[in-house]
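A.B. asks:
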Amino acid sequence: MESTRTLSDKIFLILKGLGMGAANKVPGVSGGVVAFVAGFYEEFIYSLRKVNAKAFKLLISGRFKSFYNYINGRFLSLLFFGMIVSYFSVSKILDYLIKHYELYVWSVFFGMIIGSIYYIHKGFKEWNYKTLLSLIIGIVLGVSISFLNPAKENDNLWFVFFCGIISVSGMTLPGFSGSFVLMLLGNYVLLLVDSVNALSTTVYEIFSGNFAFINNPQRLRMLQVLVVFTLGSVTGLVTFSHLLSYILKHYKSITLSAIIGFIVGSLGVVWPWKETIYKIGKKGHYLLDSTGEKIVANYSRFIPELNTETYYAIAFIILGIALVLGLEFYGQKTRKTHA
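Residue numbers (the working numbering): -11 to 327.
1. Just grab the DSSP bridge partners of T264 for me.
2. By the 10 Å Cβ neighbour count, where 16 or more other Cβ atoms means buried, how is F135 classified, buried or exposed?
3. Would you kindly check if the distance between the Cβ of I153 and the Cβ of T243 is under 8 Å?
4. Using only the alpha-carbon positions, how far apart do N40 and A301 sit?
5. Could you check what DSSP says for Y299 in three-state terms: helix, strand or coil?
6. Once DSSP output is grouped into helix, strand and coil, what is the label at L276?
7. Find out if the Cβ-Cβ distance for the pair E330, F63 is shorter than 8 Å.
8. Taking the alpha helix (DSSP H) that I242 falls in, what are its first and last residues?
9. Quick check on DSSP: helix, strand or coil for S(-4)?
10. Would you call the CB atoms of L214 and S254 closer than 8 Å?
11. Round the Cβ separation of I127 and V252 to the nearest angstrom and send it over; I've been treating them as touching at under 8 Å.
12. Please classify I194 as buried or exposed, where buried requires at least 16 neighbouring CB atoms within 10 angstroms.
13. With DSSP as the reference, identify every bridge partner of K282, one or two as the case may be.
14. Identify every run of the alpha helix (DSSP H) within the segment 49 to 94, keeping only runs that are complete inside it and at least 4 residues long; order them along the chain.
15. Short of 8 Å in beta carbon distance, which residues of its chain neighbour L3, apart from the five on each side in sequence? Order them along the chain.
16. Have a look at L46, K13 and G61 and flag the residue whose alpha-carbon is nearest the alpha-carbon of Y34.
17. Could you give the DSSP three-state label for G7: helix, strand or coil?
18. Is it buried or exposed for R51, if we count other Cβ within 10 angstroms and need 16 for buried?
19. By how many angstroms is the C-alpha of Y29 removed from the C-alpha of V156?
20. Can you tell which of S245, M210 and L187 has its C-alpha closest to the C-alpha of Y107?
21. Can you tell me whether L225 is buried or exposed, with buried defined as 16 or more other CB within 10 angstroms of its CB?
22. When you compare the segment 169 to 185 with the segment 45 to 59, are there three or more beta-carbon pairs, one atom per stretch, that lie closer than 8 Å?
23. Can you tell me whether I248 is buried or exposed? The criterion is at least 16 other CB atoms within 10 Å of its CB, across all chains shown.
24. Below 8 Å CB to CB, which residues in the same chain sit around A43 once its five sequence neighbours on both sides are set aside?
25. Suppose you measure from the CA of W146 to the CA of Y274; what does that come to, to the nearest Å?
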């Protein structure tokens, strides 16, 4: 599989990782959609499924090269490298853009999801009562999630571990936003903002020769939370991949129709025209995260008036659709090359 991968393929794989990482962090957007549309979703699930008992035996016995080849290591390492870089760079840019150009960012995402629905539906031909029922269930679940009220923040380590498992669902299940579910669970800021900021600050201090964080209980707690969250994410990633691999093998048409339903249902979450509802404390003031920003609780959606801003937003929706169609074209070209 790796012998046929060119240098440009490897660069694009890192870029796809950047895209997945950025999408996973935005509430309502699924990184799995990027994998699905870009044409590497099944290879991604297949590679994760290879992280099993045999792989660990190879690793423990010191056969590192065999382990690396067995799990399709080059593919996974390039993809995850892109995700990690995205987590500390591209996703930060996205945070800035959402803060200052919220309508247009959501418009692009909305367009990308519409394009994704078109792409997946176009290649799906097995419509029957089972797949239609699966489609409807997927839509209902996707829409229902968008109307749930967020819970309170909870830093209990067992709950953080569970959040880690849930957070990677968006990577393995297109249309299901792990970051939005984290927001509903009340831990989006804790796990994707505060703990990441704590790690970034700690790494910077270490390279500066400053180890004062060792005596900072709050910082150590945040790092502990991040470690547990990461372990939960890895556990969820491997578990979901095995489960999805089995389901795709035995119930592929039903699974794909449910995925289409999830993606259709997620349109309500990323509807561009919405007002942000922020969390308010008992004394009536806004709750702030570690960076001093107001904490998002949910969104209130509305139908826009026809004005210049709306026309610009529609143009960005078209841009989002065009981006997905471009990814689709590249994905088809890649599959033909490796066929």
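Backbone N, C-alpha and C fix where the C-beta goes; we use that ideal spot for every residue, glycine too.
C.D. replies: Reading from the atomic positions:
1. For this step, residue 264 is matched to residue 276 along the sequence shown. DSSP, once it has assigned bridges, lists Y287 as partnering T264.
2. Along the sequence shown, read from residue 1 onward, the residue named residue 135 stands at position 147. With fewer than 16 other Cβ atoms within 10 Å, it is exposed.
3. One-based indexing of the sequence shown puts residue 243 at position 255. One-based indexing of the sequence shown puts residue 153 at position 165. The answer is no: Cβ separation not under 8 Å.
4. Translated into positions along the sequence shown, residue 40 becomes position 52. Translated into positions along the sequence shown, residue 301 becomes position 313. If you take the alpha carbons of N40 and A301, they lie about 46 Å apart.
5. Working through the sequence shown from its first residue, we reach residue 299 at position 311. Reduced to three states, the DSSP call for Y299 is helix.
6. Position 288 of the sequence shown, counted from the start, is the residue given in the question as residue 276. Reduced to three states, the DSSP call for L276 is strand.
7. Absent from the structure is residue 330, since the part of the chain shown begins at -11 and ends at 327.
8. Counting from 1 along the sequence shown, the entry for residue 242 is found at position 254. It spans K240 to G253 - the alpha helix (DSSP H) in which I242 sits, taken as one unbroken run.
9. Indexing the sequence shown from 1 puts residue -4 at position 8. Note: S(-4) maps to helix in three-state DSSP.
10. One-based indexing of the sequence shown puts residue 214 at position 226. One-based indexing of the sequence shown puts residue 254 at position 266. No, these two residues do not count as a Cβ contact at 8 Å.
11. Your numbering for residue 127 matches position 139 in the sequence shown. Your numbering for residue 252 matches position 264 in the sequence shown. So it is a contact: roughly 5 Å between Cβ atoms.
12. Looking up residue 194 in the sequence shown gives position 206. Looking at its Cβ environment, which holds fewer than 16 other Cβ atoms inside 10 Å, I194 is exposed.
13. Within the sequence shown, residue 282 is the residue found at index 294, counting from 1. According to DSSP, which records beta bridges pairwise, K282 is partnered with L276.
14. 52 to 58, 61 to 76 and 78 to 88
15. Stepping through the sequence shown from its first residue, residue 3 is reached at position 15. G70.
16. Counting from 1 along the sequence shown, the entry for residue 34 is found at position 46. With distances taken between Cα atoms, Y34 lies closest to G61.
17. Start at 1 with the first residue of the sequence shown, and residue 7 comes out as number 19. If DSSP states are grouped into helix, strand and coil, G7 belongs with the helices.
18. Reading the sequence shown from its first residue, position 63 is the one you call residue 51. Answer is exposed; the Cβ neighbour count stays below 16.
19. What you label residue 156 is simply residue 168 of the sequence shown in a count that begins at 1. What you label residue 29 is simply residue 41 of the sequence shown in a count that begins at 1. Their backbone Cα atoms lie some 14 Å apart in a straight line.
20. Locating residue 107 in the sequence shown gives position 119, counting from the first residue. Closest by alpha carbon: S245.
21. Taking the first residue of the sequence shown as 1, we reach residue 225 at position 237. Under this definition L225 is a buried residue.
22. no
23. Translated into positions along the sequence shown, residue 248 becomes position 260. Flag for I248 reads buried.
24. Indexing the sequence shown from 1 puts residue 43 at position 55. Hits under 8 Å: F55, Y58 and I59.
25. Residue mapping note: residue 146 aligns to position 158 of the sequence shown, counting from 1. Residue mapping note: residue 274 aligns to position 286 of the sequence shown, counting from 1. For W146 and Y274, the distance between alpha carbons rounds to 28 Å.
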